[in-house]
Amino acid sequence: MLEKQKEIFSDLLSHLNVLEMNNLVMTSDICNVLQRMEIIKRISDVVKRYLIELGKEGTIISMRLKELTKNFSKDRDMILRDYFGAKFYRIDSALSEMSFDFLLENSNLSRTLFEELHDRPISPRGLRVMGKTSLLEKDVKVLLNHFNTLDKIFDSSKDDLLKVFKNEDLVDSLIGDLQSLREKILSGKRI
8 MLEKQKEIFS DLLSHLNVLE MNNLVMTSDI CNVLQRMEII KRISDVVKRY
58 LIELGKEGTI ISMRLKELTK NFSKDRDMIL RDYFGAKFYR IDSALSEMSF
108 DFLLENSNLS RTLFEELHDR PISPRGLRVM GKTSLLEKDV KVLLNHFNTL
158 DKIFDSSKDD LLKVFKNEDL VDSLIGDLQS LREKILSGKR I
């Protein structure tokens, strides 16, 4: 069951990546991704409880669980930070407190997370995608503080980036990373 949910999540994440590259993300897309992430988190928590009861006999299942949930918490945090920023902890708490039935309805998620029912465009900050570049974390923060959204970073020129970093080698490397990321994402590859 967890494997199927992880497969669905991977497809949703790949789709989200493409939408982010084209600046076409809607609130419903984020609700779909977060819904799947919360389902995976809950299934994983149940499996962990059973593993405690199994003790040493659950070693193989434990290894498989770790394999399936590798980088999951980091991706979840990055998506929450990208789309909710300072509300990160409130949103994280709201997701955890939702009943399973409530979680399964996208309209409930939209109303709770975005405080509205209507689907609307939304732009990510870019923390998750920019974390896949060769930039240091401090440089990613500088970049995000200057451009604010992922689409503005990808639309920036070399001159725009030079105004931020004042280091041509760094900017050339970043431009290469951005082009490579765009190509990978648009060709459907995982980043």
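Residue numbers for the sequence shown follow the working numbering, so the first one is 8 and each next one is one higher. The beta carbon of each residue, even a glycine, is placed where N, CA and C say it ideally should be.
Based on Cα-Cα distance, which residue from 149, 102, 128 and 127 lies nearest to residue 134?
Translated into positions along the sequence shown, residue 134 becomes position 127. Measuring from the Cα of residue 134, the nearest candidate turns out to be 149.
Check whether the stretch 180 to 193 touches the stretch 20 to 28, taking contact to mean three or more Cβ pairs, one atom from each stretch, closer than 8 Å.
As far as the Cβ criterion goes, the stretch 180 to 193 touches the stretch 20 to 28, which means the pair count is three or higher.
If you reduce the DSSP assignment to three classes, tell me which class residue 70 lands in.
Working through the sequence shown from its first residue, we reach residue 70 at position 63. Reduced to three states, the DSSP call for residue 70 is helix.
Do residue 41 and residue 102 count as a contact pair if the criterion is CB distance below 8 Å?
Translated into positions along the sequence shown, residue 102 becomes position 95. Translated into positions along the sequence shown, residue 41 becomes position 34. Going by C-beta atoms, residue 102 is nearer than 8 Å to residue 41.
In whole angstroms, give me the CA-to-CA distance for residue 174 and residue 32.
In the sequence shown, counting from the first residue as 1, residue 174 sits at position 167. In the sequence shown, counting from the first residue as 1, residue 32 sits at position 25. It is roughly 32 Å from the alpha-carbon of residue 174 to the alpha-carbon of residue 32.
Would you kindly check if the distance between the Cβ of residue 139 and the Cβ of residue 198 is under 8 Å?
Within the sequence shown, residue 198 is the residue found at index 191, counting from 1. Within the sequence shown, residue 139 is the residue found at index 132, counting from 1. The Cβ atoms of residue 198 and residue 139 sit closer than 8 Å to each other.
Quick check on the burial criterion: 16 or more other C-beta atoms within 10 angstroms. Buried or exposed for residue 128?
As a first step, residue 128 is located in the sequence shown; it is residue number 121 there, counting from the start. Exposed: under 16 other Cβ atoms inside 10 Å.
Mind checking whether residue 157 and residue 136 have CB atoms under 8 Å apart?
Position 150 of the sequence shown, counted from the first residue, corresponds to residue 157. Position 129 of the sequence shown, counted from the first residue, corresponds to residue 136. The answer is yes: Cβ separation under 8 Å.
Tell me which residues share the same chain as residue 195 and place their Cβ nearer than 7 Å to its Cβ, disregarding the 5 neighbours each side in the sequence.
Counting from one through the sequence shown, the residue named residue 195 turns up at place 188. If we look at residue 195 and ignore the five residues flanking it on each side, its Cβ neighbours are 21.
By DSSP, does residue 28 sit in helix, in strand, or in coil?
Position 21 of the sequence shown, counted from the start, is the residue given in the question as residue 28. Reduced to three states, the DSSP call for residue 28 is helix.
Given this structure, state the Cα-to-Cα distance separating residue 44 from residue 68, to the nearest angstrom.
As a position in the sequence shown, residue 44 is number 37, starting the count at 1. As a position in the sequence shown, residue 68 is number 61, starting the count at 1. Going by the C-alpha atoms only, they are around 20 Å apart.
Just to confirm my understanding: we take residue 171, look at its own chain, exclude 5 residues before and 5 after, and list those with CB closer than 7 Å. What are they?
As a working mapping, residue 171 is identified with position 164 in the sequence shown. If we look at residue 171 and ignore the five residues flanking it on each side, its Cβ neighbours are 149, 150 and 153.
With a threshold of 7 Å, establish whether the CB of residue 153 neighbours any heavy atom of the ligand ZN.
The model depicted lacks the ligand ZN and carries no ligand whatsoever.
Only counting the same chain, and skipping five residues up and downstream in sequence, which positions put a Cβ closer than 7 Å to that of residue 36?
Taking the sequence shown and counting its residues from 1, the one referred to as residue 36 is at position 29. A distance below 7 Å between beta-carbons, with the five flanking residues on each side excluded, links residue 36 to the following residues of its chain, in chain order: 23 and 26.
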